[in-house]
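To start, the structure itself, in structure tokens.
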Amino acid sequence: MKPAKFDFRAPGTLEAVLEDLATYGEDARILAGGQSLVPLMNLRMFQPEVLISINACPDLAIVQETDREIVIGAAVRQWDVETHPVVREHCPLLVQALKFVGGRSNRNRGTVCGSLAHSDTLAELPIVAVVLGAQMVVNGSRGRRAVAAEDFFLGPLETCIQPDEMLECVTFPKRGAGEFGHFSELGIRNHGFAVSGVGVTVRFDDRATCADIRIAVMGGHDVAQRPSATEQFLKGRALDDTAVEEAGRLMMAEVEMAADIHADSDYRASLAGTLLTRSLAVITQSKAAEGKSEAGGALQ
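Now the structure itself:
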């Protein structure tokens, strides 16, 4: 199919984009990479009267580093983030998850902010944003506001962005000392939609026990789930085989998963538990490897 008729605008500054949004409101859609929006327009699920392209806005095509954060503008391509040396050093979990997003051709055009604003329940980046505690910077006629990732996503294809607003950028915190993360998912086929996925970050204390942990799960009915009981169980524990296996069982029972033609809810929950145990195993191995490296360095 082909999209319904629309007008096309390509302002060259953020200010001009916001002016267009204030003018057209609910009749407009922001176009960045178009990897999610355009297929839905072709299916006529979305029929905006005006498309506002942000691809001519250099002030939105930025990756900036601050003391504590990495700022990614709305027009930055996923591939540029995946290969950016600052992101690779300070936010490796984001880089890891991006490798699961479509194929290389999709990531060449798709944007990080576009995927977040699309709010697909089986997309990787909303999970990463939640587990890392990202902040969404939303801008519009009423001014700029920062929204925590867990408050940003409201449901399938639904966020807190108002008709006269746009996602200007997203800020990811840099990885802290003693912090390790891992992302894993399983889908029907390579580069296809995931059946379930899990993102995990763990901060270890000086005794190599879990001082803090954040878990986010995809595959539910609405938004990314934080299995709080499973997180609480793991805090203060050494992540040995017994604790990891019990955490997998706990999360299997805690999460509420969706059922569709690809998998029923029980299978998705079971898969999420398995992915959690695998991620925790990788994290503990990474922690152990770092400890050996530090010990070796001290002996030299």
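The sequence shown begins at 1 in full-length UniProt numbering and counts up by one. Backbone N, C-alpha and C fix where the C-beta goes; we use that ideal spot for every residue, glycine too. Quick caveat: nothing in here was measured; it's all calculated off a predicted structure.
In the DSSP annotation of this structure, the continuous segment of the alpha helix (DSSP H) that includes F233 starts and ends at S228 to L234. Within the same chain, Cβ atoms closer than 7 Å to the Cβ of V195 are found at L186, G187, I188, G219, H262, A263, R268 and L271, the five residues on either side in sequence being excluded. Partner residues in the beta bridge of F8, as assigned by DSSP, are L51. Judged by DSSP in its simplified three-state form, C210 adopts strand. For T111, the CB contacts under 7 Å within the same chain, skipping 5 residues up- and downstream, are A32, G33, A74, A75, V76, R77 and Q78 in chain order. In the DSSP assignment, V81 falls within the unbroken alpha helix (DSSP H) covering Q78 to E82.
Judged by DSSP secondary structure, F152 falls within the alpha helix (DSSP H) whose first and last residues are A149 to F152. In the DSSP assignment, G114 falls within the alpha helix (DSSP H) that extends over V112 to H118. Cβ atoms of A216 and T159 stay farther apart than 8 Å, at about 16 Å.
E165 is not a Cβ neighbour of N190, given a cutoff of 8 Å. Here P58 is exposed, its C-beta having fewer than 16 other C-beta atoms within 10 Å.
Residue burial is scored here from C-beta neighbours: G248 has at least 16 other C-beta atoms within 10 angstroms and is therefore classed as buried.
Straight across, the Cα-Cα distance linking S119 with A224 is about 10 Å. Under the criterion of beta carbons closer than 8 Å, R88 and V95 qualify as touching, at roughly 5 Å. As the crow flies, the alpha-carbon of D212 is around 25 Å from that of D222. A residue is called buried once 16 or more other Cβ atoms fall within 10 Å of its Cβ, and G181 is buried on that count.
Going by DSSP, H90 is part of the alpha helix (DSSP H) stretching over P85 to H90.
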